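So the sequence shown is numbered by the numbering used here: it starts at 286 and just counts up by one. Glycine is no exception: its CB is placed at the ideal position from the N, C-alpha and C atoms. Just so you know, these numbers come straight off a predicted model, no measurement behind them.
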Amino acid sequence: MHRAHDPKHLLARWRSVTRAADLRLRQLAVVGKFPIHYLRSGEQGDSRTIYISAGVHGDEPASPAALLSWAEQNAEQLRSHPFLLFPCLNPAGLLANVRNDASGCDLNRAFRLSRPPSPIRELKRLIRGEKFALALALHEDYDAEGIYIYEAIRAREPFWGEKMLAAAQPLIAAEPRQRIEGRRARGGVVRRQFRPRTFPLMPESIYLHQHHSFRTCTIETPSEFAFEQRVAALVAATEEAVQLSIASRRGCK
286 MHRAHDPKHL LARWRSVTRA ADLRLRQLAV VGKFPIHYLR SGEQGDSRTI
336 YISAGVHGDE PASPAALLSW AEQNAEQLRS HPFLLFPCLN PAGLLANVRN
386 DASGCDLNRA FRLSRPPSPI RELKRLIRGE KFALALALHE DYDAEGIYIY
436 EAIRAREPFW GEKMLAAAQP LIAAEPRQRI EGRRARGGVV RRQFRPRTFP
486 LMPESIYLHQ HHSFRTCTIE TPSEFAFEQR VAALVAATEE AVQLSIASRR
536 GCK
């Protein structure tokens, strides 16, 4: 039996990860009774840094479970490459199995607010001025029929969405729908131009794309599929993106 909605259990496992990787889990904020943490490896300002966040929506439990599972499998990689990880941005929502935080706010629509709630306020302050080679946001979708990816990139370079989906294919097939959330999709990948006026309530991934990340991907698994299957698919897609990013940035700093 998994304990995917138990923030204390997940935090204890993250402490084991940091010991194995010889890193430190740092406190970002405290919201109610819940401390919210992040993990940074490498030097701040390193342009190779890979940003990965999970658990912004509490009713998407495979998201924080997958980031934890990926980290548990990659202690050496965490030591050798710069990462910025946010294990669970909404522990209160995770415990209650609800999308929003304890105050009813959708944290993934708060990045454009003039006074965003905690921990979004602290997250934005933490990453101010930083640039990331890759930003990944791990999510789930109860309407989904397969795994899919939103992908945005700042330059004319090869897209990675199809390779990420291929890595997850043995676990969950790509989303077959041709329109996802009103946007055109092809083979489980959604790509479009992002304009600020299109997103009055700005999601994390759009904020990162506009201000911080060279390449940004949101990975979504179908929440009606088996939990372990969703976790494994998110891990596979995440690892593929990480390896592609590391390979593309060798020699940079």
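Contact annotation: I457 and F512 have beta-carbon atoms that are not nearer than 8 Å. In this structure, R397 keeps its C-beta atom at 8 Å or more from the C-beta atom of L310.
Leaving aside the five residues that flank D386 on each side, the residues in its chain whose CB is nearer than 6 Å to its CB run, in chain order, N375, A377, G378 and L392. Secondary structure at F417: strand, using DSSP grouped into helix, strand and coil. The criterion of a C-beta distance shorter than 8 Å is satisfied by H342 and R384. Taking every protein chain shown into account, the CB of S338 has 16 or more other CB atoms within 10 angstroms, so this residue is buried. R410 and P401 have their alpha carbons spaced roughly 11 Å apart. Within the stretch 450-507, the complete beta strand (DSSP E) segments of 3 residues or longer fall at 500-507, listed in chain order. Comparing alpha carbon positions, the residue from I321, Q454, H366 and Q463 closest to P404 is I321. Taking one beta carbon from each stretch, the stretch 448-456 and the stretch 411-420 have fewer than 3 pairs nearer than 8 Å; the two do not touch. Between L295 and L353, the C-beta gap is smaller than 8 Å, which places the two residues in contact. CA-to-CA, the gap between Y433 and V520 works out to about 14 Å.
If only complete runs of 3 or more residues are kept, the stretch 308-354 shows the beta strand (DSSP E) at 310-316, 319-326 and 335-338, in order along the chain.
Beyond the five residues adjoining it in sequence on each side, R300 comes within less than 8 Å, by CB distance, of L310 in the same chain, given in chain order. Judged by their CB atoms, S348 and G340 are nearer to each other than the 8 Å cut-off.
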